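Participant: Take this structure first; my questions come after.
Chains as they are written, first to last, in my numbering: chain A, 1 to 341; chain B, 342 to 618; chain C, 619 to 914.
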């Protein structure tokens, strides 16, 4: 079996174990907290009988293992329980809100790579010069503020004072567009509605950029650090001795060896955006998982909390696996470890 | 140590960082003396003066109930710094100890400890803290607990990877041959080699804890009013953009400068100490 | 073309650090005639490696470097050349091989990618099939049996000796006038080193390439070089033909070098006791081997 497939299988297995651990962890925390979810859901005026009935229905009086057992059984049927906040199946809630968040993160991720990597390369190539200093300062600033601070500053600058972008939401009213999958950029393209596509893009750029700033900064700093290290390697000295053009060395011969150690961490940063997306969504009234997530957390809506955290962690793990796959593709040493030398 | 300080002060960027951090720490320490309206930290209202843009004596303006923003920001700094210090003082020893144990003792201990660490690390940082916070009452203490709970794994992973590579080094084998106890080897032999990385990371983390804590309170999961907190100030003020811009911009910039300062120092330390944070 | 391939006159190198000026080369002079093989011998830190890099023009871009002296290559004064023209010489008319062949080759690109890049230096319009053919023939010259397979491999998949031969092939494929060899084969097994040096020797003979051979290994120098310059702490202390030097070393440092036992680690650099008196004695040039005599 080729090395990549073996790698993939091993990672999937480990991730599964970890995911089970996550579910137990969140489940445990949720059960340990003070406060009675049934009472909170029904409100302070509900009768004791009504609360008791709900508790029975939610299996809240059973032992921990029993409750977990019910949970796993339901999970296999695709049932994450009912949310006490929306009174709908949690799966439906997630299906409604998740695409918006995913789309935001996706666009952010593209920005992170498209802007962060080149900045890092340029910074390393011109290290010590003013270009380098400016880039380092800017990237460090990007990393130093939480997403919501940038979200606010960007909104002030580019949506209010200089009215370049819209203030909130995903799509302008009055376009009358019906989403299919919930991924607006995809839906609009597939429907051939170019105007709506442009509108959706226009709406997503500012929040995505606010979210991406931290990731751009980190990617640039990481790539720069690794490239500076690579520039000290003998094979770069040899490239210089042979007179390869400086730009070629920077963009090809120094970049790819530096990318390999950077990829894993860039992947982690990208996945961490899953968490920070919450912050940006609040500022831009982006109808994603954040409003729902915060609301259910404040209401101790156990099913919704467990469901949301589980889905997010699963995505986190999937992204990590994808990144590892990418690393093994880019790094010939891993890819070829089956072949004898 | 002296050499480190010397190098730190020569580099203009790290000097800037030192300057920022010193200003912030001093401000936090001397909050009672340097702020014009220390009583505004509590539940005070002054409707005659509310929602004013920056002017004298309220150099950052006033908030929606008339409290001086500058005063509240300085006190918020104090709380943030204390929170960061407490979190790190608790999280770092836990994380380091687990990392040492997992890295050196190997076998089942390693597997179990690292899988547990992985579990914590596989939930995006903010989400984990949010969940814990959400399930507890939002207070300062609980905030510290939540952030500590999500913080220790990063140190475990750091120390674990260093320990793994140091495990095979000559000095470790020598100590084993002499018959040194496992505890001695972990804490007196291997740990000193981890210290540069740990110190660098701690410096950087001061800023990042402040960042995460402010993110939590931005979402309403942090300290409750009337305690001043940078994140909640930004959240409260965000509704009144762009007119009362000072309500969000100053607290936001305050967060930025604090984290920026610690990052600058941390960066410089990383270059000097050669840690791999 | 008259005159030596390479001529260095009174080359000085210093680095400006924040604790003052650090002088590395104190005015060295040497030359290499066409087709000649000249060795520059010394311990690590003597300045031999930086000399080669100065010839290639690689140190000049360092902001802290202060270089003075005359350097001429095939009669052209290198300092007077425009930067772009000087850069054009690298990889085409002068090339270099390095100490550790495996780490000198880029680990994430196959050999052919790098070979092609080298060929592009001399002929920017060369097509990929043409380049492949040239590379294959160059590899055949260094006695590599399966050139196609090697070209598609990565450096970590090949042995050290194989990589060394690849490096030699790359260095000579554009037919340079001058080859700079910085401690070649030091990282290799002794027997492999001997083989590849013989190969290198035959090839430069064929092509008529001049060689500046930098080493601390006197045994190898004796096998390979026509003339030797001994360098110590940035000064040339003795120069002679190989036979002259080994038959009758005169400078105290040279004598110490010849008597010294090579260290087992650290690339086998000889273990010379710290400067005994006489190490800084002025230059001794053997009969008929001084710069003046050879160049007039």
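Ideal Cβ placement from N, Cα and C applies to all residues, glycine included.
Please read these numbers as outputs of a predicted model, since none were measured by experiment.
Nearest-angstrom Cα distance between residue 584 of chain B and residue 275 of chain A?
Facilitator: What you label residue 584 of chain B is simply residue 243 of the second chain in a count that begins at 1. What you label residue 275 of chain A is simply residue 275 of the first chain in a count that begins at 1. Their Cα atoms are separated by approximately 29 Å.
Participant: At a CB distance below 8 Å, what residues from the segment 148-172 of chain A approach chain B? Give them in sequence order.
Facilitator: Correct list: 148, 149, 152, 153, 155, 156, 160 and 161.
Participant: Does residue 142 of chain A get closer than 8 Å to chain B when you measure Cβ to Cβ?
Facilitator: Against the first chain, residue 142 of chain A aligns to sequence position 142. Chain B, which has no Cβ nearer than 8 Å to the Cβ of residue 142 of chain A, makes this no.
Participant: Find the residues of chain A that neighbour residue 709 of chain C, judging by a C-beta separation of less than 8 Å, and give them in chain order.
Facilitator: Taking the first residue of the third chain as position 1, residue 709 of chain C is located at position 91. The answer, in chain order, is 241, 242, 243 and 244.
Participant: Does DSSP put residue 198 of chain A in a helix, in a strand, or in coil?
Facilitator: If you number the first chain from 1, residue 198 of chain A lands on position 198. Three-state DSSP puts residue 198 of chain A in a helix.
Participant: Straight-line CA distance for residue 262 of chain A to residue 328 of chain A?
Facilitator: Numbered from its first residue, the first chain carries residue 262 of chain A at position 262. Numbered from its first residue, the first chain carries residue 328 of chain A at position 328. Between residue 262 of chain A and residue 328 of chain A, the C-alpha separation is close to 13 Å.
Participant: Can you pull the chain C neighbours of residue 251 of chain A, defined as C-beta to C-beta under 7 Å?
Facilitator: Within the first chain, the letter at position 251 stands for residue 251 of chain A. Under the 7 Å cutoff, chain C gives no residues; its nearest Cβ is about 13 Å from residue 251 of chain A.
Participant: In angstroms, rounded to a whole number, what distance separates the CA positions of residue 49 of chain A and residue 457 of chain B?
Facilitator: In the first chain, counting from the first residue as 1, residue 49 of chain A sits at position 49. In the second chain, counting from the first residue as 1, residue 457 of chain B sits at position 116. If I take the Cα positions, the gap works out to 40 Å.
Participant: In this structure, how does DSSP classify residue 686 of chain C when only helix, strand and coil are distinguished?
Facilitator: As a first step, residue 686 of chain C is located in the third chain; it is residue number 68 there, counting from the start. Strand, per DSSP.
Participant: How far does the beta strand (DSSP E) with residue 824 of chain C in it extend, from its first residue to its last?
Facilitator: Reading the third chain from its first residue, position 206 is the one you call residue 824 of chain C. Unbroken run through residue 824 of chain C is the alpha helix (DSSP H), 808-825; no beta strand (DSSP E).
Participant: How would you call residue 842 of chain C, buried or exposed, if buried means at least 16 neighbouring beta carbons within 10 angstroms?
Facilitator: Locating residue 842 of chain C in the third chain gives position 224, counting from the first residue. Its Cβ being crowded by 16 or more others within 10 Å, residue 842 of chain C is buried.
Participant: Just the Cα atoms here: how many angstroms apart are residue 451 of chain B and residue 499 of chain B?
Facilitator: The count along the second chain starts at 1 and reaches residue 451 of chain B at position 110. The count along the second chain starts at 1 and reaches residue 499 of chain B at position 158. In a straight line, the C-alpha of residue 451 of chain B is about 14 Å away from that of residue 499 of chain B.
Participant: Could you tell me whether the Cβ atoms of residue 649 of chain C and residue 909 of chain C are closer together than 8 Å?
Facilitator: Position 31 of the third chain holds residue 649 of chain C. Position 291 of the third chain holds residue 909 of chain C. Against a cut-off of 8 Å, the Cβ pair of residue 909 of chain C and residue 649 of chain C comes out as a contact.
Participant: May I ask you to list the residues that DSSP assigns as paired with residue 634 of chain C?
Facilitator: On the third chain, position 16 is the one that residue 634 of chain C refers to. According to DSSP, residue 634 of chain C bridges with C/639.
Participant: Would you verify that the beta carbon of residue 705 of chain C is, or is not, closer than 8 Å to some beta carbon of chain A?
Facilitator: Here residue 705 of chain C is taken as the residue at index 87 of the third chain, counted from 1. Yes, residue 705 of chain C lies at the interface with chain A (some Cβ there is under 8 Å from its Cβ).
Participant: Got a sec: is the Cβ-Cβ distance from residue 146 of chain A to anything in chain B below 8 Å?
Facilitator: On the first chain, position 146 is the one that residue 146 of chain A refers to. Judged by the 8 Å Cβ criterion, residue 146 of chain A is in contact with chain B.
Participant: Closest by CA to residue 746 of chain C, which one among C/769, C/870, C/671 and C/725?
Facilitator: For the purposes of this step, residue 746 of chain C is identified with residue 128 of the third chain, where counting begins at 1. Ranking the options by Cα distance to residue 746 of chain C, first place goes to C/769.
Participant: Which residues of chain B have a Cβ atom closer than 8 Å to the Cβ of residue 186 of chain A, listed in chain order?
Facilitator: By 1-based counting over the first chain, the position of residue 186 of chain A is 186. Simply none; closest approach about 24 Å.
Participant: Across which residues does DSSP place residue 845 of chain C in a beta bridge pair?
Facilitator: Taking the third chain and counting its residues from 1, one reaches residue 845 of chain C at position 227. Partner(s): C/656 and C/859.
Participant: According to DSSP, which residues form a beta bridge with residue 403 of chain B?
Facilitator: As a working mapping, residue 403 of chain B is identified with position 62 in the second chain. Residue 403 of chain B pairs with B/409.
Participant: List, in chain order, every chain A residue whose beta-carbon is nearer than 7 Å to that of residue 702 of chain C.
Facilitator: On the third chain, position 84 is the one that residue 702 of chain C refers to. Chain A residues near residue 702 of chain C: none, gap ~11 Å exceeds 7 Å.
Participant: Using three-state DSSP, classify residue 534 of chain B as helix, strand or coil.
Facilitator: Here the question's residue 534 of chain B lines up with position 193 in the second chain. If DSSP states are grouped into helix, strand and coil, residue 534 of chain B belongs with the helices.
Participant: Can you tell me whether residue 161 of chain A is buried or exposed? The criterion is at least 16 other CB atoms within 10 Å of its CB, across all chains shown.
Facilitator: What you label residue 161 of chain A is simply residue 161 of the first chain in a count that begins at 1. Exposed, because fewer than 16 other Cβ atoms sit within 10 Å of the Cβ of residue 161 of chain A.
Participant: Under the DSSP definition of a beta bridge, which residues are partnered with residue 853 of chain C?
Facilitator: Counted from its first residue, the third chain places residue 853 of chain C at position 235. Its beta-bridge partners are C/850.
Participant: In chain B, what lies closer than 7 Å to residue 271 of chain A by C-beta?
Facilitator: Within the first chain, the letter at position 271 stands for residue 271 of chain A. By Cβ distance, chain B contributes 465.
Participant: Nearest by alpha-carbon distance to residue 751 of chain C: which of C/721, C/730 and C/817 is it?
Facilitator: Here the question's residue 751 of chain C lines up with position 133 in the third chain. When each option's Cα is compared against that of residue 751 of chain C, the closest is C/730.
Participant: Closer than 9 Å, Cβ to Cβ, to anything on chain A: give me those residues from the segment 816-843 of chain C, in chain order.
Facilitator: From the segment 816-843 of chain C, no residue has a Cβ closer than 9 Å to chain A.
Participant: Interface residues of chain A around residue 589 of chain B at Cβ under 7 Å?
Facilitator: As a first step, residue 589 of chain B is located in the second chain; it is residue number 248 there, counting from the start. Result: 152.
Participant: Does any CB atom of chain A fall closer than 8 Å to the CB of residue 456 of chain B?
Facilitator: One-based indexing of the second chain puts residue 456 of chain B at position 115. Yes - at least one Cβ of chain A is within 8 Å of the one on residue 456 of chain B.
Participant: Check the DSSP bridge columns for residue 422 of chain B and list the partner residues they point to.
Facilitator: Along the second chain, read from residue 1 onward, the residue named residue 422 of chain B stands at position 81. Its beta-bridge partners do not exist; DSSP assigns none.
Participant: Between the segment 90-115 of chain A and chain C, which residues of the former have CB atoms less than 8 Å from a CB of the latter, in chain order?
Facilitator: For the segment 90-115 of chain A, which is checked against every Cβ of chain C, not one residue is closer than 8 Å.
Participant: Closer than 8 Å by beta-carbon distance: list the chain B residues that pair up with residue 60 of chain A, in chain order.
Facilitator: Translated into the one-based positions of the first chain, residue 60 of chain A becomes position 60. Those do not exist, as residue 60 of chain A stays about 15 Å from chain B at its closest Cβ, beyond 8 Å.
Participant: Below 7 Å between beta carbons is the criterion; list the residues of the segment 575-588 of chain B that meet it against any residue of chain A, in chain order.
Facilitator: Those would be 575, 579, 582, 583 and 586, in chain order.
Participant: Using a Cβ-Cβ distance cut-off of 8 Å, determine whether residue 261 of chain A contacts chain C.
Facilitator: Numbered from its first residue, the first chain carries residue 261 of chain A at position 261. By this cut-off, residue 261 of chain A is not an interface position.
Participant: Closer than 8 Å, CB to CB, is residue 235 of chain A near chain C or not?
Facilitator: Along the first chain, read from residue 1 onward, the residue named residue 235 of chain A stands at position 235. So, interface residue.
Participant: Does any residue of chain B bring its CB to less than 8 Å from the CB of residue 7 of chain A?
Facilitator: For the purposes of this step, residue 7 of chain A is identified with residue 7 of the first chain, where counting begins at 1. Residue 7 of chain A does not count as touching chain B.
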